[in-house]
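Sequences listed follow chains A and B, in order. Those letters in the first sequence? Residues 2 to 319, per our numbering, in order. Those letters in the second sequence? Residues 2 to 319, per our numbering, in order. Ideal placement from N, C-alpha and C gives every residue a C-beta, glycine not left out. None of the values given here were measured: they were computed from a predicted structure. Take a look at the structure below.
Number of protein chains: 2
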Amino acid sequence: MKTALLPLALAGLLATAAAAPPKPAAQPASPKTAQQILAGSPATDWRDLDPENTLLMELASGQVIIELAPRFAPAHAANLRALARGGYWNGLAILRVQDNFVTQWGDPDSEDAAKARLLPAGAQQKLPAEFSVPIDRVGKAARFTRLPDVEGWAPRTGFAEGFPVAANPKTGQAWLAHCYGMVGAGRSDAIDSSNGTELYAVIGQAPRGLDLNITLVGHVLKGMELLSALPRGTGAMGFYDKPEQRTGIQRVRLLADVPPAERPALQVLRTESATWTQLLDARRYRGGWFVHSPGYIDICSATVPTRPTPPAPAQAPK
Amino acid sequence: MKTALLPLALAGLLATAAAAPPKPAAQPASPKTAQQILAGSPATDWRDLDPENTLLMELASGQVIIELAPRFAPAHAANLRALARGGYWNGLAILRVQDNFVTQWGDPDSEDAAKARLLPAGAQQKLPAEFSVPIDRVGKAARFTRLPDVEGWAPRTGFAEGFPVAANPKTGQAWLAHCYGMVGAGRSDAIDSSNGTELYAVIGQAPRGLDLNITLVGHVLKGMELLSALPRGTGAMGFYDKPEQRTGIQRVRLLADVPPAERPALQVLRTESATWTQLLDARRYRGGWFVHSPGYIDICSATVPTRPTPPAPAQAPK
Chain A
2 MKTALLPLAL AGLLATAAAA PPKPAAQPAS PKTAQQILAG SPATDWRDLD PENTLLMELA
62 SGQVIIELAP RFAPAHAANL RALARGGYWN GLAILRVQDN FVTQWGDPDS EDAAKARLLP
122 AGAQQKLPAE FSVPIDRVGK AARFTRLPDV EGWAPRTGFA EGFPVAANPK TGQAWLAHCY
182 GMVGAGRSDA IDSSNGTELY AVIGQAPRGL DLNITLVGHV LKGMELLSAL PRGTGAMGFY
242 DKPEQRTGIQ RVRLLADVPP AERPALQVLR TESATWTQLL DARRYRGGWF VHSPGYIDIC
302 SATVPTRPTP PAPAQAPK
Chain B
2 MKTALLPLAL AGLLATAAAA PPKPAAQPAS PKTAQQILAG SPATDWRDLD PENTLLMELA
62 SGQVIIELAP RFAPAHAANL RALARGGYWN GLAILRVQDN FVTQWGDPDS EDAAKARLLP
122 AGAQQKLPAE FSVPIDRVGK AARFTRLPDV EGWAPRTGFA EGFPVAANPK TGQAWLAHCY
182 GMVGAGRSDA IDSSNGTELY AVIGQAPRGL DLNITLVGHV LKGMELLSAL PRGTGAMGFY
242 DKPEQRTGIQ RVRLLADVPP AERPALQVLR TESATWTQLL DARRYRGGWF VHSPGYIDIC
302 SATVPTRPTP PAPAQAPK
């Protein structure tokens, strides 16, 4: 196990603006594959889904599991919980699929006051914009793991609680980054015009130009291919021209409202773990088929792995 | 029109390793939209398809237009021409769609000597690896337009003849970059094991770690959504488990072999043009809905636009 990165990883975002970034590990003689690293990962490097922070979306094609990001978008996370609890999205639809950009879902009649779906009890019509948070909210508490690799979109990047995070010590702000599979809340021109009723998932090259322009609320942990492989809409911005082209949403529930026996048994790799650090190294330094290693990754290069929850170890008889 | 970048753009890759990158333009007071820039583009900023360097792939769902990159992969480009001329892919299939990675097509029976499709006359079984070219092949002749923006994957980046290009003055090499829509030639373990019979297109976050590991042969100019919206394969690496899950390829022709009246009338924006430079600036500095501009782009942030060939101007009567 490579340990050189661990102390640096824990240094987090709290260092001053002038701090040098941590250095990446040197190229190993025989890099492990991702499969080998995952097979050797300790159980403590994995976490269970948090039922209060997970949405279960059901399409005819299968389940999409979305993890919320309350540390970065607390008001939106609370509203998404209320919307799911009130069955807001049940029977609504995927309205837009724009190639190499986003898949978006919500109420097809949202602009028609007479037909628009009403918000359920507890859901707010108006929320603050949550484009970024103070940098000190994403420190040790969020177990921020800083990437040593330098990129052009933001002065600092890394992972916190499973999410790709960018930060700028000069402005004192940190924010979620628009990587593949991230989920955001659509807005109109006013920055505080999103309330989470209309959501989108990134299905192409990371549109990092959206960072700091819109509230990201979470990411897809499972079922991403059910959103990314849909026919592209041929209307403006990839909206479907005809209602029959839309994909219906059967229902969306907060995982806490799903009977425990029916909940997907899924675990997520902790991004503060040694296993995650090793996986990132395995993408910087390739073996096997590869003849060249980039010696580099960025926050959108790797997606946090999930796995079926392993069976509980047998209890010793008393 | 912003002109500050033009002389720098023409400086190309020929400068020495120590040369400072060109500076990006300053943020304009009221940025133009991409639509406004394209609407005002002069006809000379557009080029026609080159029939000798364009493949027309026909699926039941529509046409996919692939532009070859003979400057970067001359042996592969020649072989792709011969394969298309000989009808090699006609009746073959899309074999693999791996989410957030690639769609791949070729001969389902390529590993079965008794059933594998034979190469047509003129096509070579064995080609050299074409992972990179000497940097001086991508200079003025290719009208290389260097990006001022600095990224982590390569010391130098820009665009040449419509393609995203990376380069390293220290190694003296330049290469095509794995951005969305780029097309490459699948290979086995041996670096010279690709001959263009099996091709892939990038359908997700740019897998830049593949750069310098495999031969890129071109890019999809039109019909990308026919490759990206296919159901993902559930076998290892996204291969389809069952033959009936595959999408058939009706035929692939070299555009030169298509009767002129049937050729798609498409133009491509020149990446050495002022219009392209302005489009990149419009992504660095956003107006309208955006409240924050990244002040940055990378070579995979923008896709080269195409347009229907405008009607020829009316001739004056003689």
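Check, Outcome
"Would residue 292 (chain A) pass as an interface residue toward chain B - the criterion being a Cβ-Cβ separation below 7 Å?", "yes"
"Assuming residue 231 (chain A) contacts residue 104 (chain A) (C-beta within less than 8 Å), just tell me the rounded distance between them.", "6 Å"
"Report the three-state DSSP secondary structure of residue 38 (chain A) (helix, strand or coil).", "helix"
"Do you know whose CA, among B:108, B:300, B:91 and B:140, lies nearest residue 208 (chain A)'s CA?", "B:300"
"Could one say the Cβ of residue 206 (chain A) lies closer than 7 Å to chain B's Cβ atoms, at least one of them?", "yes"
"Quick one, which residues of the segment 140-162 of chain A are near chain B if we go by CB-CB under 8 Å, in chain order?", "150, 151, 152, 153 and 154"
"Of all Cβ atoms in chain B, is any one closer than 7 Å to the Cβ of residue 311 (chain A)?", "no"
"By how many angstroms is the C-alpha of residue 275 (chain B) removed from the C-alpha of residue 4 (chain B)?", "Low confidence applies here, because residue 4 (chain B) scores a pLDDT of 30, under 50, leaving its location unreliable; read the following figure in that light. Taking the straight line joining both Cα atoms gives about 7 Å."
"Does the count of Cβ pairs from the segment 187-204 of chain A and the segment 94-103 of chain A closer than 8 Å reach three?", "yes"
"Out of B:47, B:36, B:52 and B:62, which has the shortest C-alpha to C-alpha gap to residue 254 (chain B)?", "B:52"
"Would residue 379 (chain B) and residue 197 (chain B) be called neighbours here (beta carbons separated by less than 7 Å)?", "Because chain B is modelled from 2 through 319, residue 379 (chain B) falls outside the range shown and cannot be assessed."
"Does chain B have any CB closer than 7 Å to the CB of residue 112 (chain A)?", "no"
"Answer with yes or no whether the minimum CB distance from residue 232 (chain B) to chain A is below 7 Å.", "yes"
"Distance cutoff 7 Å, beta carbons only. Does residue 229 (chain B) sit that close to anything in chain A?", "yes"
"Could you list which residues in chain B have their beta carbon closer than 8 Å to that of residue 192 (chain A), in chain order?", "292"
"Is residue 213 (chain B) near residue 293 (chain A), with beta carbons less than 7 Å apart?", "yes"
"Going by DSSP in three states, residue 106 (chain B) sits in which element: helix, strand or coil?", "strand"
"If you draw a straight line from the alpha carbon of residue 119 (chain B) to that of residue 107 (chain B), how long is it in whole angstroms?", "12 Å"
"Helix, strand or coil for residue 235 (chain B) per DSSP?", "coil"
"Ignore the nearest five residues each way along the sequence and tell me which others in residue 266 (chain A)'s own chain have a CB closer than 8 Å to its CB.", "309 and 310"
"Where does residue 45 (chain A) sit, in a helix, a strand or coil, going by DSSP?", "helix"
"Quick one: is residue 196 (chain B) near chain A, going by C-beta distance under 7 Å?", "no"
"What's the gap between the Cα of residue 284 (chain A) and the Cα of residue 261 (chain A)?", "36 Å"
"Using a Cβ-Cβ distance cut-off of 7 Å, determine whether residue 89 (chain A) contacts chain B.", "no"
"Taking DSSP as the reference, what is the three-state secondary structure of residue 196 (chain B)?", "coil"
"When DSSP labels each residue in this structure, what does residue 306 (chain A) get in the three-state scheme?", "coil"
"Would you mind working out which of B:125, B:179, B:94 and B:63 sits nearest residue 78 (chain B), comparing C-alpha positions?", "B:125"
"Please classify residue 238 (chain A): is it buried, with 16 or more other beta-carbons within 10 angstroms of its beta-carbon, or exposed?", "exposed"
"Beta-carbon within less than 7 Å of residue 270 (chain A)'s beta-carbon, same chain only, minus the 5 sequence neighbours each way: which residues are those?", "46, 47, 276, 277, 305 and 306"
"Report the option in B:74, B:86 and B:135 whose CA atom is closest to the CA atom of residue 220 (chain B).", "B:74"
"For residue 189 (chain A), count neighbouring Cβ atoms within 10 angstroms of its own Cβ and tell me buried if that reaches 16, exposed if not.", "exposed"
"Output the boundary residues of the beta strand (DSSP E) element that contains residue 118 (chain A).", "Element bounds for residue 118 (chain A): n/a, residue is neither H nor E."
"Counting only Cβ-Cβ distances shorter than 9 Å, please list the residues of the segment 265-289 of chain B near chain A, keeping chain order.", "284, 285, 287 and 289"
"Closer than 9 Å, Cβ to any Cβ of chain A: which residues of the segment 161-188 of chain B, in chain order?", "180, 181, 182 and 188"
"At a Cβ threshold of 7 Å, is residue 201 (chain B) touching chain A?", "no"
"Does the structure place the segment 167-178 of chain B close enough to the segment 139-159 of chain B that three or more beta carbon pairs sit under 8 Å?", "yes"
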